[in-house]
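In this text, residue positions in the sequence shown follow the numbering used here: the first is 17, and each later residue adds one.
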Amino acid sequence: MARINGSRPFPEVPTRHPTVDVPLWMLLVGLAGKICVYLVMFLARHPVPVGLLLTVLVVCHRFGLAGLGVALLVLVVVAGGWRLAHRRSFGWLVRWVWGRWRLLVVYRWRWRPAMVHTGLAIRMPTSNAERVAFAKTFPRIRQVRCDRWGDRLRVGLLYGQTPELWAEQAEALRHAFRARSCRIRADRKVGFVWVEFTRRDPLARPVAPLDLDGPDTDGDGDGGDGGPVDLSGIPVGRREDGELWRLPVRGAHVLIAGATGAGKGSVIWSTIRGLGPAVRAGLVELWVCDPKGGMELAFGQGMFSRFATDTDSMADLLDDAVTVMRKRAARLRRVARLHIPTTGEPLIVVIVDEIASLTSYVTDRELKRRLSASLPLLLSQGRAPGVVVIGAVQDPRKEVLPFRDLFPVRVVLRMTDADQVDLVLGDGARDRGARADEISDDLPGVGYVLADGHADPVRVRACWVDDAEIARMARRYPVPAVAELIDVVGGGPDGWTPDVDGQAA
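Have a look at this one:
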């Protein structure tokens, strides 16, 4: 019964738990056993530093400080020889040792407080006869990978946690571990995430144009002739992990979004430069639209098969591209699912510097109708027949660019608003690390790229192509008709540039 006479509860009877007197020697034995358990756990978790420390102590005890100096000298010589003989395995060992050191010195000490204050530790109730108690359960670090730029931690998720939950705490984790940036990526295996801390920015310095020519094998002093171009991934810059940033062109449309001065020109010129050997070989044709009257792209006219600067000529160019697309689609029906570029049927790359000038800023109704009909057709049907579009835009809003979702590959550079990042890359991209609105004005060409089939954006930086390099590549990689003219004339001077029609100026 819970009550007496229907209204009065039982009175609380004070109780006193019995006390047990424990001898002092038993307390000391228990404390010593606890210390031994913690010591064994430390030795098991950190065998490398403990082994190194024991080795140093043994060498000092048997051979003294002189013997320790000789051992260190021999170790340095062996390490140097190993580095020269097999740089890859030596680098892997250095990164592994550095990762274990960072795990011991940095993350072991700060991990639990960081998990508690960011809410990533879970309070689990424990059964107790006297009261309800809670024990904290912490996510465990399963793997550590370190390099000179940052650290990557593979962490096991607790029950009820998702990668999105960790992504919401990325900024708090960045401050907790004093990093430049923090990014959360879902692991291929369900139940794990990668927590990436960046200590140094690998993209802080401009990226020099990549070598496309190769060695000078013909001895004419003008560099190599260039090898075959992989149109499924042409090199246009560097990624945050130090690898080449390869931008797919064949079978993909590319959207480049960024504010004024963000470096859209660097991405466009790097793409044109990467296509240079294929342009000279006749495997690629560049059809370029420059709504700025030629102020941006006219320097590379020698590489363009078609070049339009006014609205009428740009509408004609896009209409012709649709015509070519339809003819190729009819020929390739039941023959191939993806066009293979040849000299007879090259890949047509339509480049539009400011695509909003063709979608929202046109006042003529007829021209606007033509442009509104041709661009969506190219974006929805042009990839398979080999007519692809590379467009740049400043304002990615739906009313400005209503068909931005038709671009499989999207690059976002510095933006003025945080919401614009998700407009370009998709919902949740900013929470997964694509903080394009926080890119400094001093980093033109730095941005994030996301392709269909990839869950997480990748931080990249395009090569810086200056005017001198543009003039050089326009002479080096002209369209075949102009190349034949150069061969007949015997090569032009350094200031040689072709005009719009491909004739020598």
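Cβ atoms here follow ideal geometry from the backbone N, Cα and C, with glycine treated the same way.
{"Query": "Within the continuous beta strand (DSSP E) that includes Phe323, where are the two ends?", "Result": "Phe320 to Ala324"}
{"Query": "So, at 7 Å on beta carbons, what are the nonlocal neighbours of Asp217 in its own chain, with the 5 sequence-adjacent residues on each side left out?", "Result": "Arg196"}
{"Query": "Among Ala273, Arg99 and Asp167, which has the Cα closest to the Cα of Gly461?", "Result": "Ala273"}
{"Query": "Just tell me which of Glu184, Leu68 and Leu393 has its CA closest to the CA of Ile200.", "Result": "Glu184"}
{"Query": "Please report the straight-line C-alpha distance between Lys280 and Ala297, rounded to a whole angstrom.", "Result": "26 Å"}
{"Query": "So what does Cys479 bridge to, in DSSP terms?", "Result": "Val223"}
{"Query": "Using a Cβ-Cβ cut-off of 8 Å (strictly less than) and excluding sequence neighbours within five positions of Leu441, which residues of its own chain qualify?", "Result": "Arg426, Val428, Ala450, Tyr464, Leu466 and Pro473"}
{"Query": "Please report the distance separating the alpha-carbon of Asp458 from that of Arg190.", "Result": "22 Å"}
{"Query": "When the cut-off is 8 Å and only beta carbons count, does Leu173 lie next to chain D?", "Result": "Checking the listed chains, one finds no chain D in this structure; it contains a single protein chain."}
{"Query": "Using three-state DSSP, classify Pro251 as helix, strand or coil.", "Result": "strand"}
{"Query": "Looking only at its chain, what residues have a beta carbon closer than 6 Å to the beta carbon of Met330, apart from the 5 residues adjacent to it on each side?", "Result": "Cys305 and Ala324"}
{"Query": "Quick one: residues in its chain with C-beta nearer than 7 Å to the C-beta of Leu47, no 5 flanking neighbours on either side, listed in chain order?", "Result": "none"}
{"Query": "Flag this pair as yes or no: are the beta carbons of Leu422 and Val338 separated by less than 8 Å?", "Result": "no"}
{"Query": "Quick one: is Gly359 buried, meaning 16 or more other Cβ sit within 10 Å of its Cβ, or exposed?", "Result": "Reading the sequence as shown, one finds Thr at residue 359 and not Gly. Exposed: under 16 other Cβ atoms inside 10 Å."}
{"Query": "Answer with buried or exposed for Arg103, where buried requires no fewer than 16 other C-beta atoms within 10 angstroms of its C-beta.", "Result": "exposed"}
{"Query": "Name the DSSP beta bridge partners of Thr153, please?", "Result": "Ile138"}
{"Query": "Once the 5 residues before and after Glu382 are set aside, which same chain residues still bring their CB inside 7 Å of it?", "Result": "none"}
{"Query": "Beta-carbon within less than 8 Å of Phe106's beta-carbon, same chain only, minus the 5 sequence neighbours each way: which residues are those?", "Result": "Ala95, Trp98 and Arg99"}
{"Query": "Quick check: Gly292 and Met489, are their CB atoms within less than 8 Å of each other?", "Result": "yes"}
{"Query": "Can you tell me whether Arg399 is buried or exposed, with buried defined as 16 or more other CB within 10 angstroms of its CB?", "Result": "buried"}
{"Query": "Could you say which of Glu301, Thr327, Arg194 and Lys308 lies nearest to Gly318 if we only look at CA atoms?", "Result": "Glu301"}
{"Query": "Which stretch, first to last residue, makes up the alpha helix (DSSP H) that contains Val211?", "Result": "Val211 -> not in any alpha helix (DSSP H); beta strand (DSSP E) instead, spanning Phe208 to Thr214."}
{"Query": "Going along the chain, which residues of its own chain have a beta-carbon closer than 8 Å to the beta-carbon of His133, five neighbours each way excluded?", "Result": "Ala188 and Ala192"}
{"Query": "For Leu169, which of Pro424, Leu119, Ala220 and Trp261 has the nearest alpha-carbon?", "Result": "Leu119"}
{"Query": "Return helix, strand or coil for Glu454, following the three-state DSSP convention.", "Result": "helix"}
{"Query": "Near Ile455, which residues of its chain fall below 6 Å by C-beta distance, leaving aside the five closest residues on each side in sequence?", "Result": "Arg430 and Val462"}
{"Query": "Between which two residues does the alpha helix (DSSP H) containing Gly115 stretch?", "Result": "Arg103 to Arg118"}
{"Query": "According to DSSP, is Arg347 part of a helix, a strand, or is it coil?", "Result": "helix"}
{"Query": "Return the CA-CA distance between Arg349 and Ser248, expressed in angstroms with no decimal places.", "Result": "22 Å"}
{"Query": "Once DSSP output is grouped into helix, strand and coil, what is the label at Ser197?", "Result": "strand"}
{"Query": "Return the CA-CA distance between Ile437 and Gly176, expressed in angstroms with no decimal places.", "Result": "A small correction: the amino acid at residue 437 is Val; Ile does not occupy that position in the sequence shown. Rounded to the nearest angstrom, the two C-alpha atoms are 28 Å apart."}
{"Query": "Cβ of Pro251 within 8 Å of Cβ of Arg262?", "Result": "yes"}
{"Query": "Just the C-alpha distance for Gly207 and Val56, rounded to the nearest angstrom, thanks.", "Result": "29 Å"}
{"Query": "Nearest by alpha-carbon distance to Leu313: which of Ile367, Thr71, Pro264 and Leu363 is it?", "Result": "Ile367"}
{"Query": "Over the uninterrupted alpha helix (DSSP H) stretch that includes Glu180, give me the two end residues.", "Result": "Pro179 to Glu184"}
{"Query": "Could you have a look at Asp332 and say whether DSSP puts it in helix, strand or coil?", "Result": "helix"}
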